[in-house]
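What follows is a single structure, written as structure tokens, with notes after it.
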Amino acid sequence: MAGTTGSGSDIAAQTRDALRRIEAALGQAGARLADVVRTRIYVTDISRWREVGDVHAEVFGGIRPAATMVEVSALIAPGLLVEIEADAYVGA
128 MAGTTGSGSD IAAQTRDALR RIEAALGQAG ARLADVVRTR IYVTDISRWR
178 EVGDVHAEVF GGIRPAATMV EVSALIAPGL LVEIEADAYV GA
């Protein structure tokens, strides 16, 4: 899934919204969160990593996709604090 941003005024809210959008897109493709094998998380302030990680863990629960988080200087629109990409595998 391409980079997905979320709405909200803080990084936790944006993370939660982005992951819910990913979950919805997965559903449209016949997949689910359990099919996600990797996430890439881009944040504008790496010092907030724990907030993002906590929401990621809350949404994925017992599912543990490989995850990478990196800090970027900015995202495409002012006010965006996090962007998330997800790779999912659905067996044939």
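Numbering-wise (this note's numbering), the sequence shown opens with residue 128 and increments by one. Even for Gly, the Cβ is constructed at its ideal location relative to N, Cα and C.
Exercise for the section: Just list the alpha helix (DSSP H) runs in the stretch 150-207, keeping only unbroken ones of 4 residues or longer that don't cross its boundaries, in chain order. Expected result: 176-187
Practice task
Might you give, ordered along the chain, the residues of its own chain that have their beta carbon closer than 7 Å to the beta carbon of Y216, omitting 5 neighbours on each side?
Solution key: D162, V164
Problem - Rounded separation between A158 and S174 - CA only - result: 32 Å
Practice task
Could you give the DSSP three-state label for D214: helix, strand or coil?
Solution key: strand
Practice task
Count the other CB atoms, across all protein chains shown, that sit within 10 Å of the CB of V199; report buried if there are 16 or more and exposed otherwise.
Solution key: exposed
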